[in-house]
Every structure is written in C-alpha cells, then in structure tokens.
Amino acid sequence: MKKSSNVVWHKPTISREDREQRNGHKSLVLWFTGLSASGKSTLAHAVEDRLHHMGCHTFVMDGDNVRHGLCSDLGFSLEDREENLRRVGEVAKLMIETGVMVLTAFISPLRRDRERVRSLFPHGDFLEIYCDADLSVCESRDPKGLYKRARAGEIPDFTGISSPYEAPINPELRCPTGTESVEANVDRVVAMLRARGVIAE
Ligand code: ADP
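Under the working numbering, the first residue of the sequence shown carries the number 334, and numbering increases by one thereafter.
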C-alpha cells in the first residue's frame, strides 16, 4: 500500500535506453515459473551462463536467496507468497532500468500473482517461461528432499502437494524441463531472445 504522497519521481540523466545501447542488448525480465524441482534455477543459471559468455549483462534472482534477506519476514501462505512476488517484481523493475537482463526463479504458483507482476512492466519487458515438468518427475528428482518431507506432513503449504500450482495458459515460452536436457532448453530461450530482437542475431 502506498503511504508516501510527497515524493516526486526524479528523472535520471542516463536513461535505460542509454544503458541498453552501451550494453548492446535490451533489458527485460525472464520470469521462470514451475513446480519445485522443475528446473527453474538450473535453467535460469544455465541461460545466464550462456548469455554472460555472449557478453550480456545478467542477474539471477532466486527464490531461496531473496528469502534470506529481502523477504525473510515472509512465509509460504498464499498471502505471503503474493507479497514475496510483489517485492521481487518491484526489484526486477528497478533492475531493468540498469540495463540488465533479470532472470527470476520463483515457483510463483498463482496466475493472478504472476499477472500482477506482469502488469508492472510495459508489454514485451516481462517474458514468462514455464518450466514444464510433471509432478512425478519433480518428486523423483527431489534434490533437497522437500517432497519427501512434504508427503510426510512436515512442510505445510507445499506447492503441488498441499498448495496449488496453476500452470501458465499462454506463457511466452514453454520449456519441457521434465523431458528435455538443460542445453536444449537454453537453446530455446536464446532462440526466443533472438527472435524478439532482445539480443542480436
Ligand atoms: P527449481 O528451481 O525449479 O526448484 P532446481 O533447478 O533447483 O529446480 O532443481 C532441479 C533439479 O533437477 C536439479 O537437481 C537438476 O540438476 C535436475 N535436473 C535433471 N534434469 C533436468 C533438466 N532437464 N532440466 C532442469 N533440471 C534438471
């Protein structure tokens, strides 16, 4: 909720466009969504690695990491998840003004919360990437043992088990992270960025 009314936006001398021009690519948000262990972090970091070596300016915001600081006061109720994503969206919005490509890896289970974040951005600045892996695949991976604990009733509000996940209906990109390799999905993301003119051909 907005509590400050006597604040005036200060227009920067160096614009986002100036920064993008110097960087040689556009800035934007790549929003990876999917079940826990669907491969959001793995894919986001692999895409960042590829883009970084192509000379792009990038940064990954990871769900677990922001929960150590910026959002350490929030839990996993649907209300707290909404506030978590609101903060992340606002940080991403600031970051793209710096000319950086921001990659976010958050389960972001609800359509309405993802749409709310999307609405912070001009058309084309927010690209939703659905890491599509079946629950059974995610559960068999279980890299942090979280599904096992959730099934045992030790973790409340666990997405896919005791809390909903609403798959995107019309994401900018669907990556079959349950059935195809990380490299194949990195290729998909990079191809999309080329096709949209975010990075040069
Ligand atoms: P999330 O961020 O969605 O919770 P992670 O990236 O942390 O998921 O974990 C996904 C796990 O699945 C990792 O241990 C990763 O090595 C493994 N994995 C196996 N195959 C794939 C694949 N094709 N794409 C992404 N991750 C994969």
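Note that beta-carbon positions come from the ideal geometry of N, C-alpha and C, so glycine has one too. Bear in mind that the values here come from a model prediction, so they are computed numbers and not experimental data.
Is there contact here, the stretch 456-468 with the stretch 345-365, by at least three beta-carbon pairs under 8 Å?
yes
Helix, strand or coil for Tyr-463, going by three-state DSSP, please let me know.
strand
Arg-444: buried (16+ other C-beta within 10 angstroms of its C-beta) or exposed?
Exposed is the label assigned to Arg-444, since fewer than 16 other Cβ atoms lie within 10 Å of its Cβ.
Are at least three pairs of beta-carbons, each pair with one atom in the stretch 409-421 and one in the stretch 489-500, less than 8 Å apart?
yes
With a threshold of 7 Å on Cβ separation, who are the neighbours of Glu-416 within its own chain once the five nearest residues in sequence on each side are excluded?
Leu-407
Compare the beta carbon distance of Ala-483 and Gly-511 with 8 Å and say whether it is the shorter of the two.
no
Within a Cβ cutoff of 8 Å, which residues of the same chain sit near Gly-530, ignoring the five residues on either side of it in sequence?
Lys-359
Specify the secondary structure class of Asp-446 as computed by DSSP and reduced to three states.
helix
Does the beta-carbon of Val-380, which I'm using as the reference point, lie nearer than 7 Å to any heavy atom of the ligand ADP?
Not so, every heavy atom of the ligand ADP lies at least 7 Å from the Cβ.
Identify which residue in Ala-524, Ile-502, Glu-472, Ser-514 has its Cα closest to the Cα of Glu-448.
Nearest of Ala-524, Ile-502, Glu-472, Ser-514 to Glu-448, Cα basis: Ile-502.
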